[in-house]
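Heads up: the structure comes next, in C-alpha cells.
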Amino acid sequence: MARAARRPRIGVNLLVLTDRPPGGTGHHAISLFEALIAAELNGTTEVQITGFATEAAAHHFSPAVRSRLVLLPSGRGSQRIANEMLRLPMAARRAGIDVVVNPAFFGAPWGSPRRALIVHDLYFRSVPHLVPRRRRLLLQTVVPLLGRRSDTIFTVSQATKSEMERYYPRLGARAEVLYSGNRVLPEPGDGSEGELSVPSVERPYLLMVGHLTANKSPETVIAALAALKRAGRDLKLVHIGDDAGRLAPLAVEAGVAADVVTLGSQPDSILAACYAHCEALVIPSIREGFGLPLIEAQAQGAPVIASSCEALVEIGGDSALYFSVDSAEECASVIRNVLDDHDQRGLLIEHGYVNAARFRWDRTATRLLEVLGL
C-alpha cells in the first residue's frame, strides 16, 4: 500500500509576545497564526500549522488553537535570545517544520529548510534618530542577516517595500507585499457598557490608539486640541495605549491638561466602544509600516484623520482625511471639517466601512501560502 504523502509543515515564530498586552507586531503575529490555523481546519490548505511561543504568552491565543503551540520557557534578555537562536530552531527540527515564518523582524537564520521574514517597517534606517540606539543597532544587524537567509520576504505595505528597495535593494527586489488583516473587535452595542466601564471618557472626544512610540507625534494633536479649545470647542482627547509618560507634560504645557484623558491599555470591548463613539480617530504618525488602528476604527464607524505619511495614505486611500504631521494648524483644520461638515463625515464613515472590509486575515493567510507555494 502506498504511503500517504507527508503534509507540509509551517512553524510560526510567536516569541515577540510576552505576558504584557501585545503591540502592533504582537497583534499581527497572533492574528496571522490564528488565520493559518483556521485555513487548515476548514480545509483551505493541507499545510499543518504549529506555533512557537513562551508559556507566559499562551493566554493571548484563543482556547481552540492553544493545543497547536509548542511552549518555550518565558523570559527576556538572554532568555529571549536563547529561545530565538537555540530552542526554537531545535524545536522546529524535532517537529519536522519545513518553513519557519518570522512575523516580527526576529528569528534564527537556521533551524528549518526554509524561512520567511515579515518586515513591518524600517524606522531604524528611515528615521534612525527616533529609534533607541541599542534597538537600532540590533535591527541593523538582524534584519538584513535574516533577510539574506530567508527564502521569502514579505512587507506589510508597498511603502515598506519601497523602503526595503531603497536601503536593501537586493532584499527589496525579492519582497512581496502582504497586507495585514483587520482585527475583529466585539460589537460595541449602544456604548453604555463601555462608558460605564470607563467613566472618565466624556463626549465629545477625539481618540488616539496605540503605544506612543517615537514614530508618533502627539505634540501635533495636543497643539491642535489647544487651538480648537481657544476657538470655543468643547472637545477632549482620549488615548488608549502606553503613552510612555509623554501626554501629561504636553497637555500641561499647552494648557489642556483637564481635556486629555489617558486610559492606558484596555480590553477590546472598551476599545471598540471608544472607536464607535469618538468624533474621529487621529493618527499623528511620522512613519508607519501599516497602521492597524486606521482600519480598526473604520470598521467601528469612526471617521479617520491621519498624517500624510506614505503607509497611512496607502492603506486609507480616499476613506480618510490627512494632515501634515508637523502642522498643528492643518491638523486642527481637518478636525474642524470632520466636526462641522456632516456630509463629509457621512462619506468618510461610509467609505471607511468599505475600506476596512478589504483587509481580512483569511486573505492574508491565503496570500502567504500562495507565495510560499504551499
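Read in numbering that gives the first Met the number 0, the sequence shown has 308 at position 309, and its numbers run on one by one without any break. Just so it is clear, CB atoms sit at the ideal spot from N, CA and C, and this is done for glycine as well.
(1) Look at residue 185 and residue 241 and say whether their C-beta atoms are less than 9 Å apart.
(2) If you follow the beta strand (DSSP E) that residue 89 is part of, which residue opens it and which one closes it?
(3) Alpha carbon to alpha carbon, what distance is there between residue 220 and residue 235?
(4) Look at the Cβ atom of residue 134, then the Cβ atom of residue 162, and state whether they are nearer than 9 Å.
(5) Between the segment 249-258 and the segment 15-34, do at least 3 Cβ pairs fall closer than 8 Å?
(6) Less than 9 Å between the beta carbons of residue 14 and residue 29, yes or no?
(7) How should residue 372 be labelled, buried or exposed, when 16 other C-beta atoms within 10 angstroms of its C-beta is the threshold for buried?
(8) Candidates 297, 308 and 278: which alpha carbon is nearest residue 289's?
(9) Per DSSP, what are the beta-bridge partners of residue 306 in this structure?
(10) Touch check for the segment 276-289 and the segment 305-323: three-plus C-beta pairs under 8 Å?
(11) From the DSSP secondary-structure annotation, give me the bridge partner or partners of residue 51.
(12) So, at 7 Å on beta carbons, what are the nonlocal neighbours of residue 157 in its own chain, with the 5 sequence-adjacent residues on each side left out?
(13) Buried or exposed, going by whether 16 or more other CB atoms sit within 10 Å of the CB of residue 295?
(14) Is the CB-CB distance between residue 182 and residue 291 below 9 Å?
(15) What does the alpha-carbon distance come out to for the pair residue 362 and residue 117?
(16) Take residue 108 as the anchor and find which of 149, 367 and 334 has the nearest alpha-carbon.
(17) Mapping DSSP to helix, strand and coil, what is residue 372?
(18) Taking all protein chains shown into account, decide if residue 19 is buried (16 or more other Cβ within 10 angstroms of its Cβ) or exposed.
(19) Measure the alpha-carbon distance for residue 87 versus residue 10 and round it to whole angstroms.
Inspection of the coordinates gives the following:
(1) Stepping through the sequence shown from its first residue, residue 185 is reached at position 186. Stepping through the sequence shown from its first residue, residue 241 is reached at position 242. No, they are not a contact pair.
(2) For the purposes of this step, residue 89 is identified with residue 90 of the sequence shown, where counting begins at 1. Premise fails: residue 89 lies in the alpha helix (DSSP H), 87-93, not in any beta strand (DSSP E).
(3) Numbered from its first residue, the sequence shown carries residue 235 at position 236. Numbered from its first residue, the sequence shown carries residue 220 at position 221. Cα-Cα distance, rounded: 11 Å.
(4) One-based indexing of the sequence shown puts residue 134 at position 135. One-based indexing of the sequence shown puts residue 162 at position 163. It is not a contact, given that the beta carbons lie outside the stated cut-off.
(5) Cβ pair count under 8 Å is below three, so no.
(6) Walking along the sequence shown from the start, residue 14 turns up at place 15. Walking along the sequence shown from the start, residue 29 turns up at place 30. Cβ atoms of residue 14 and residue 29: not closer than 9 Å.
(7) Counting from one through the sequence shown, the residue named residue 372 turns up at place 373. Exposed, by the Cβ-count rule.
(8) Here residue 289 corresponds to residue number 290 of the sequence shown, with the count starting at 1. For the residues 297, 308 and 278, the minimum Cα distance to residue 289 belongs to 308.
(9) Reading the sequence shown from its first residue, position 307 is the one you call residue 306. According to DSSP, which records beta bridges pairwise, residue 306 is partnered with 322.
(10) Because the criterion of three Cβ pairs below 8 Å is met, the segment 276-289 and the segment 305-323 touch.
(11) Translated into the one-based positions of the sequence shown, residue 51 becomes position 52. Assignment of beta-bridge partners to residue 51 by DSSP yields 12 and 69.
(12) For the purposes of this step, residue 157 is identified with residue 158 of the sequence shown, where counting begins at 1. For residue 157, where only same-chain residues beyond five positions count, the Cβ hits under 7 Å are 176 and 313.
(13) Here residue 295 refers to the residue found at position 296 when the sequence shown is read from its first residue. By the neighbour-count criterion, in which 16 or more other beta carbons inside 10 Å mark a residue as buried, residue 295 falls on the buried side.
(14) By 1-based counting over the sequence shown, the position of residue 182 is 183. By 1-based counting over the sequence shown, the position of residue 291 is 292. Result yes, Cβ atoms of residue 182 and residue 291 sit closer than 9 Å.
(15) Locating residue 362 in the sequence shown gives position 363, counting from the first residue. Locating residue 117 in the sequence shown gives position 118, counting from the first residue. Each residue's Cα considered, the two are about 16 Å apart.
(16) In the sequence shown, residue 108 corresponds to position 109, counting from 1. Comparing Cα positions, the closest option is 149.
(17) One-based indexing of the sequence shown puts residue 372 at position 373. Coil at residue 372, not helix or strand.
(18) The sequence position of residue 19 within the sequence shown is 20, counting from 1. Counting Cβ neighbours within 10 Å, residue 19 comes out exposed, since fewer than 16 surround it.
(19) Looking up residue 87 in the sequence shown gives position 88. Looking up residue 10 in the sequence shown gives position 11. C-alpha separation (whole angstroms): 10 Å.
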